[in-house]
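Below: one structure, written as structure tokens.
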Amino acid sequence: MLGRTRPAVPVDAVIVLGAALAGPGVPGPALIRRLHHGLAVFRRCEARHLVLSGGIVQSTPAEAVVMQTLARADGIADACIIVEDQSHNTFENGVYCGRLMRENGWRNVLIVTDGFHLPRALLVFRCLGLRVRGEGVPRPATMPRSRWTRHYAIEMLRLMRSAYLFSRGTHKPVLKAVWKN
136 MLGRTRPAVP VDAVIVLGAA LAGPGVPGPA LIRRLHHGLA VFRRCEARHL VLSGGIVQST
196 PAEAVVMQTL ARADGIADAC IIVEDQSHNT FENGVYCGRL MRENGWRNVL IVTDGFHLPR
256 ALLVFRCLGL RVRGEGVPRP ATMPRSRWTR HYAIEMLRLM RSAYLFSRGT HKPVLKAVWK
316 N
């Protein structure tokens, strides 16, 4: 066993959650770091599909379309890329990616997003009944710890709000309309 590395665990899909654009067609720093980390995970895990998730939130085109352009430039084959460009927030990421998971029968899916965002993203996907794992993008060396910690604090409040909304069942009408159970 000396000199051998453990083989990567293949997954059906790696889902990269989008982030704000810096301007029309210009990726913001969070989107860039999520995508770069997602591409590394995609390759390491020998995934079959790369789902890029994010719609038009602040400016055009959709976050997923910008990520698609960057992924292609990084050598990812079009046949592997699936663009989910309808979602506007983490809940909708879960709803629309969940529909893709159900339609394709994916059972082994890995979500990639910033480390501070990952707990809420996993909560949302799992509350929607989706079996997912996650990998958080670490804090960039150039970002002050105080800023990263502030992002974590904000996300914990959002996580509590999401948990409350799920406990109230507010997600059920949306799922019924989108997933067409």
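Residues 136 to 316 in our numbering are what the sequence shown lists, from first letter to last. In this text, a Cβ means the ideal position worked out from N, Cα and C, and glycines have one as well. Since the structure is predicted, the reported quantities are computational estimates derived from the model, not experimental observations.
(request) Would you tell me roughly how many angstroms separate the C-alpha atoms of residue 319 and residue 308, rounded to the nearest one? (result) Outside the modelled stretch of the chain, which goes from 136 to 316, sits residue 319, for which no answer is possible.
(request) State the DSSP-derived secondary structure class of residue 305, mapped to helix, strand or coil. (result) By 1-based counting over the sequence shown, the position of residue 305 is 170. In the structure shown, residue 305 sits in coil (DSSP, three-state: anything other than H, G, I, E or B).
(request) Would you mind sorting residue 81 into buried or exposed? The rule is 16 or more other CB atoms within 10 Å of its CB. (result) No statement about residue 81 is possible, as the shown extent of the chain runs from 136 to 316 and does not include it.
(message) Looking at residue 177: is its Cβ nearer than 8 Å to the Cβ of residue 149?
(response) One-based indexing of the sequence shown puts residue 177 at position 42. One-based indexing of the sequence shown puts residue 149 at position 14. Going by C-beta atoms, residue 177 is nearer than 8 Å to residue 149.
(request) May I ask which residues mark the beginning and end of the beta strand (DSSP E) holding residue 218? (result) Translated into positions along the sequence shown, residue 218 becomes position 83. Counting along the chain, the beta strand (DSSP E) containing residue 218 begins and ends at 216-219.
(request) Kindly indicate which three-state DSSP category residue 297 falls into: helix, strand or coil? (result) In the sequence shown, the residue the question calls residue 297 occupies position 162. Of the three classes helix, strand and coil, the one that applies to residue 297 here is helix, per DSSP.
(message) In this structure, how does DSSP classify residue 280 when only helix, strand and coil are distinguished?
(response) Here residue 280 corresponds to residue number 145 of the sequence shown, with the count starting at 1. Reduced to three states, the DSSP call for residue 280 is helix.
(message) Below 8 Å, how does it come out for the stretch 243-250 and the stretch 209-219: are there three or more Cβ pairs, yes or no?
(response) no
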